[in-house]
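The next block holds one structure in the form of structure tokens; read it before the comments.
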Amino acid sequence: MIKSDFQFELDPTAVLSYAGGAIEKRLRHPDYRWILDHAASNLQSLVEPLVVWNRFTIAGQLHDKVLLQNGGKVGSGPLAAVVAGAHELVVAVCTVGPALEAKAKALMKGGSMLEGIILDGVASWAVDDLRCMFYSWAMQTVKDNEGYRASSYLSPGESDWLIDDQRVIFELLAADIPSDRIALTESNVMVPFKSLSMAFGIGPDEMGSEGESNCDRCTIREVCRFRPLRAG
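Plus 189 on top of the position in the sequence shown (first one is 1) and you've got our numbering.
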């Protein structure tokens, strides 16, 4: 299944946090406000949101693996504990497309380094926002239609869930993924780069973790400068 009807509203606070350090201080000066305005304009004209997703019946668990009824095995690290009690597993790949990143690189190559750095930060923020918007939509949809609840979501590479499992997610979604929009390299990195994968459990019963953000399970949560954005 594919969903692409997402609307983005740029959050300057988030973008400033992604920039960080001296760049963040400079952007807070009124003389540099135009850079954020340009970034907002580029976001609206260049973003190409796409989420490919599906839901799979869970047959059980074995150690840190979630066993699917179709024979698939997903997970490592905390995934099995987070979705414990779920009847189904939702897996998804999300991308904002290549255009934002390409524009950012062109700006930096052309000498507009600061503007390019900020636009690259906007692209990173956008794919995270896309993940959050999809999760919120899916959580509300299964609640309204089936009375289901949802576990917290996780993404490979952001916790002790190994990034190698992106290949498993791609295999599960192979029938729906448009190969001209999203691909996976041999080293299990998604292309376009501003992309990510995710999973969460759904069902009528209480699950292992509900209401956490991906930050709560992240291996760098204690030193990450972005975490306060989620805490707020």
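No residue lacks a Cβ here, since even glycine has one placed at the ideal position from N, Cα and C.
| query | Three-state secondary structure (DSSP) at V271? | reply | Here residue 271 refers to the residue found at position 82 when the sequence shown is read from its first residue. In this structure, DSSP gives V271 a helical state, which the three-state scheme calls helix.
| Which full runs of the alpha helix (DSSP H) of 4+ residues lie inside the stretch 217–291, going along the chain? | Restricting attention to alpha helix (DSSP H) runs no shorter than 4 residues, the stretch 217–291 encloses them at 222–235, 268–271, ordered along the chain.
| Straight-line gap, E401 to L373 (C-alpha atoms, nearest Å) | The count along the sequence shown starts at 1 and reaches residue 401 at position 212. The count along the sequence shown starts at 1 and reaches residue 373 at position 184. Spanning the two alpha carbons is a distance of roughly 28 Å.
| said: Contact defined as beta carbons within less than 8 Å: I believe W350 pairs with S265. What is the distance between those atoms, to the nearest angstrom? | reply: For the purposes of this step, residue 350 is taken as residue 161 along the sequence shown, with counting starting at 1. For the purposes of this step, residue 265 is taken as residue 76 along the sequence shown, with counting starting at 1. Indeed they touch by this definition, with Cβ atoms about 5 Å apart.
| said: With three or more beta-carbon pairs closer than 8 Å as the criterion, would you say the stretch 275–295 touches the stretch 306–325? | reply: Taking 8 Å as the limit for Cβ pairs, the verdict is that the stretch 306–325 does touch the stretch 275–295.
| field | Cutoff 6 Å; reference M328; Cβ partners in own chain excluding five residues on either side | value | Against the sequence shown, residue 328 aligns to sequence position 139. Within the same chain, Cβ atoms closer than 6 Å to the Cβ of M328 are found at A339, the five residues on either side in sequence being excluded.
| query | What does a CB cutoff of less than 8 Å around I366 pick up in its chain, not counting 5 residues either side in sequence? | reply | On the sequence shown, residue 366 is found 177 positions in, with the first residue counted as 1. The residues are V241, V282, F359.
| query | By a C-beta neighbour count over all protein chains shown, 10 Å radius and 16 as the cutoff for buried, is S234 buried or exposed? | reply | Looking up residue 234 in the sequence shown gives position 45. Looking at its Cβ environment, which holds fewer than 16 other Cβ atoms inside 10 Å, S234 is exposed.
| message | Assuming S313 is part of the beta strand (DSSP E), what are its boundary residues? | response | Locating residue 313 in the sequence shown gives position 124, counting from the first residue. Counting along the chain, S313 sits inside no beta strand (DSSP E); it lies in the alpha helix (DSSP H) bounded by residues 302–335.
| task | Reducing DSSP to helix, strand and coil, say where I209 ends up. | result | The count along the sequence shown starts at 1 and reaches residue 209 at position 20. Residue identity check: residue 209 is Gly in the sequence provided, not Ile. Note: G209 maps to coil in three-state DSSP.
| query | Which value, in whole angstroms, describes the spacing of the CA atoms of R356 and N377? | reply | As a working note, residue 356 is residue 167 in the sequence shown. As a working note, residue 377 is residue 188 in the sequence shown. So the two alpha carbons sit approximately 6 Å from each other.
| Tell me the DSSP bridge mates of L362? | Counted from its first residue, the sequence shown places residue 362 at position 173. Answer is none; L362 lacks a bridge partner.
| G346 - partner residues in DSSP beta bridges | Residue mapping note: residue 346 aligns to position 157 of the sequence shown, counting from 1. Answer by DSSP bridge pairing: none, since G346 is not bridged.
| request: Tell me whether E198 sits in a helix, a strand or coil according to DSSP, three-state version. | output: Reading the sequence shown from its first residue, position 9 is the one you call residue 198. Here DSSP, grouped into helix, strand and coil, assigns E198 to coil.
| By Cβ distance, which residues of its chain are closer than 7 Å to G346, with the 5 residues on each side in sequence left out? | By 1-based counting over the sequence shown, the position of residue 346 is 157. Counting only residues of its own chain and dropping the five nearest sequence neighbours on each side, G346 has a CB closer than 7 Å to the CB of I352.
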